[in-house]
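These notes are about the structure you will find just below.
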Amino acid sequence: MIAYLKGKIISKNPASVILEVNDVGYFINISLHTYTAIAEKKSCLLYCYHYLKEDGQSRIPVLYGFSEEAERNMFTHLLSVNGVGANTARMMLSSMSVSELEQAILIENDKLIQSIKGVGPKTAKKIVIELKDKIGKSSIPISGTFSASHNTHRDEALSALAMLGFNRQAAEKAIALALQSNSSIGSSEELVKTALKNL
């Protein structure tokens with residue numbers, strides 16, 4: 652099991668990064684939160700989760716990376732809930748910060764969790780019921796939010812939504828609505844979170 656990888660960033664987008672470690676390139680799936688954290692960096696350390704993706708009769712190894720250990724722990728907790736896969740867990744961590752998600756679980760706000768694309772009412776309730784005690788017991792410090800480049804919020808948000816599997820036309824419309832409702836949005840991460848509510 653790979654605990655973490657530290658190396659040079661070869662390429663990155665809002666959904667993945669290629670990290671060179673000792674002359675080996677690792678393709679790592681990331682959340683929008685992690686992308687924002689590494690957006691301006693040339694090298695980074697990512698806490699990793701080795702996921703086995705079901706593909707017919709075989710299982711394909713997939714790496715997920717996180718800028719914070721707290722985010723990886725939340726990802727692991729989410730995967731322990733029946734019906735929550737890696738893509739849904741990543742979507743949740745791209746839509747809400749770890750602290751926001753923890754808060755929603757602890758106060759049993761399943762309606763807020765349900766507002767995340769791909770999370771239905773039954774799954775939201777399961778997440779609250781199954782994770783409330785686990786989250787309450789694990790008290791990991793959560794660092795503050797990171798700043799992203801202010802020049803290309805719209806393009807980065809559009810790219811992020813496309814990488815998360817949304818239709819480009821629908822994503823553009825959602826971003827436009829998000830900007831109309833709040834013109835003071837200050838980062839691509841915030842823009843994606845707002846746009847996700849319109850999808």
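Here the sequence shown is numbered in this note's numbering, starting from 652 and rising by one per residue. Ideal Cβ placement from N, Cα and C applies to all residues, glycine included.
| task | Counting only runs of 3+ residues fully inside the region 663 to 727, write out the beta strand (DSSP E) ranges in chain order. | result | 667 to 672, 675 to 681, 694 to 706, 709 to 717
| Does DSSP put residue 787 in a helix, a strand or coil? | helix
| Residue range of the alpha helix (DSSP H) that includes residue 746 | 737 to 746
| said: According to DSSP, is residue 764 part of a helix, a strand, or is it coil? | reply: helix
| query | Taking the alpha-carbon positions, what's the residue 772 to residue 778 distance? | reply | 10 Å
| field | Residues bridged to residue 656 (per DSSP) | value | 697
| query | Between 653, 786, 682, 656, which lies nearest to residue 843 when the distance is taken from Cα to Cα? | reply | Scanning 653, 786, 682, 656 for the CA closest to the CA of residue 843 turns up 682.
| Of the residues 660, 685, 664, 786, the one placed nearest residue 674, counting alpha carbons only | 660
| task | Can you have a look at residue 837 and say buried or exposed, based on whether 16 or more other CB atoms are within 10 angstroms of its CB? | result | exposed
| task | Identify, in the order they occur along the chain, each residue of the same chain with its Cβ nearer than 7 Å to the Cβ of residue 881, setting aside the five sequence neighbours on each side. | result | Absent from the model: residue 881. The displayed extent of the chain is 652 to 850, so no value can be given.
| message | To the nearest angstrom, how far is the alpha carbon of residue 711 from that of residue 737? | response | 13 Å
| request: Tell me, please, whether the region 691 to 700 touches the region 713 to 722 by the rule of three or more beta-carbon pairs shorter than 8 Å. | output: With the rule of 3 Cβ pairs closer than 8 Å, the region 691 to 700 counts as touching the region 713 to 722.
| Starting from residue 753 and walking both ways along the alpha helix (DSSP H), at which residues does that stretch end? | 749 to 757
| request: In angstroms with no decimal places, state the Cα-to-Cα distance between residue 823 and residue 840. | output: 15 Å
| request: Closer than 6 Å by C-beta to residue 669: which residues in its own chain qualify, once you throw out the five before and the five after it? Chain order, please. | output: 661, 662, 676, 678
| Just the Cα atoms here: how many angstroms apart are residue 755 and residue 781? | 13 Å
| field | Separation of residue 786 from residue 721, as counted between CA atoms | value | 11 Å
| Residue nearest to residue 728 in terms of C-alpha spacing, selected from 804, 685, 753 | 753
| query | Got a sec? Which residues, its chain only, sit under 6 Å from residue 672 by beta carbon, not counting five neighbours each side? | reply | 656, 658
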